[in-house]
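The structure appears right after this line, and notes come after that.
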Amino acid sequence: AQRVTQPEKLLSVFKGAPVELKCNYSYSGSPELFWYVQYSRQRLQLLLRHISRESIKGFTADLNKGETSFHLKKPFAQEEDSAMYYCALRSGGSEKLVFGKGTKLTVNP
Amino acid sequence: DVKVTQSSRYLVKRTGEKVFLECVQDMDHENMFWYRQDPGLGLRLIYFSYDVKMKEKGDIPEGYSVSREKKERFSLILESASTNQTSMYLCASGGGTQANYGYTFGSGTRLTVV
């Protein structure tokens, strides 16, 4: 069964500090991994997808198949990064997205 | 440039009522999804549709049904609303090569059942 685990419900850091939001997945095949973000009173939106290897708003995420992880990282957090972050997995041959339970990131001034 | 529109932002319904949540997308996507979002539980898939009149159960379909008569519209139906269905409901769409770009979500419908 496909499963996405985000071990931290809440994460609080100070502005300018590095931040890492953890995501582990369970899937035996080749997954597609995504990070979604939901700012206060806004709709859920795509932040990153692993196949593009891009950096968005200073965030990066690397798929580690050995550790089955897709952690989201940013070297210097900003207050505007405060939001709810969801890791999601799409398995090959399926259109379904399976989400983790989310991590609420708070960046303090 | 809103692409996925959910007809209601807030709804209050009584226990036992039949409730319709509507979602429309203008991107010609094959796939549409209904999730519910609850604090501490994340997003859970209720139903999804990969084509007109086609549907599949997600992880928590009990108490819900769906309808997709046209490609652009996907409706979620609560046959007899109960208080444990009080939640935020999110619609999403995506399809084909677009699926590699993730899915586009609506702004959500917050349903309260009293």
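Note that the protein sequences, when read in sequence, are chains A and B.
Residues 1338 to 1446 in the numbering used here are what the first sequence spells out, letter by letter.
Residues 601 to 714 in the numbering used here are what the second sequence spells out, letter by letter.
Where a beta carbon is used, it is the ideal one built from N, C-alpha and C, also for glycine.
On a predicted model such as this, the values are computed, not experimentally measured, just so you know.
Within chain A, the residues whose beta carbon sits less than 7 Å from that of B:Leu690 are Leu1381, listed in sequence order.
Following the DSSP letters along the chain, one finds B:Gly694 inside the beta strand (DSSP E) bounded by residues Ser687 to Gly694. In chain order, Phe648 place their CB closer than 6 Å to the CB of B:Glu656, counting only its own chain and leaving out the 5 sequence neighbours on each side. No residue range can be given for B:Thr683, since it is assigned to no beta strand (DSSP E) and is classified by DSSP as neither H nor E.
Contact between A:Ser1428 and A:Pro1355 is absent: CB atoms are separated by about 31 Å, not below the 8 Å threshold.
A direct Cα-Cα distance of roughly 17 Å separates A:Gln1343 from B:Leu645.
The beta carbons of A:Thr1397 and A:Ser1419 sit about 19 Å from each other, so the pair does not count as a contact at 8 Å. Taking the beta carbon of A:Lys1438 as reference, the chain B residues within 8 Å of it are Gly640, Leu641 and Gly642, listed in sequence order. Around the beta carbon of B:Arg609, fewer than 16 other beta carbons sit within 10 angstroms, so the residue counts as exposed. In terms of Cα proximity to B:Leu643, the closest of B:Tyr703, B:Thr712 and B:Tyr689 is B:Tyr689.
With 16 or more neighbouring CB atoms inside 10 Å of its own CB, A:Val1341 falls in the buried class. Residue burial is scored here from C-beta neighbours: B:Ser693 has at least 16 other C-beta atoms within 10 angstroms and is therefore classed as buried. Straight through space, the alpha carbons of B:Gly706 and B:Glu679 are spaced by roughly 22 Å. From the listed residues A:Pro1412, A:Lys1346, A:Ser1389 and A:Trp1372, the smallest Cα separation to A:Val1435 is found for A:Trp1372.
Secondary structure note for B:Gly642: its beta strand (DSSP E) is the uninterrupted segment Gly642 to Asp651. Put simply, of A:Leu1358, A:Gly1395, A:Ala1414 and A:Gly1366 the residue whose alpha carbon is nearest the alpha carbon of A:Lys1402 is A:Gly1366. Residue environment: B:Asn631 is assigned as buried (16 or more neighbouring CB atoms within 10 Å of its CB, all protein chains considered).
Bounds of the beta strand (DSSP E) holding B:Phe633 are Asn631 to Asp638. Remark: fewer than three beta-carbon pairs, one from each stretch, lie closer than 8 Å, so the region 667-681 of chain B and the region 1408-1416 of chain A are not flagged as touching. Within chain A, the residues whose beta carbon sits less than 9 Å from that of B:Tyr650 are Glu1432, listed in sequence order.
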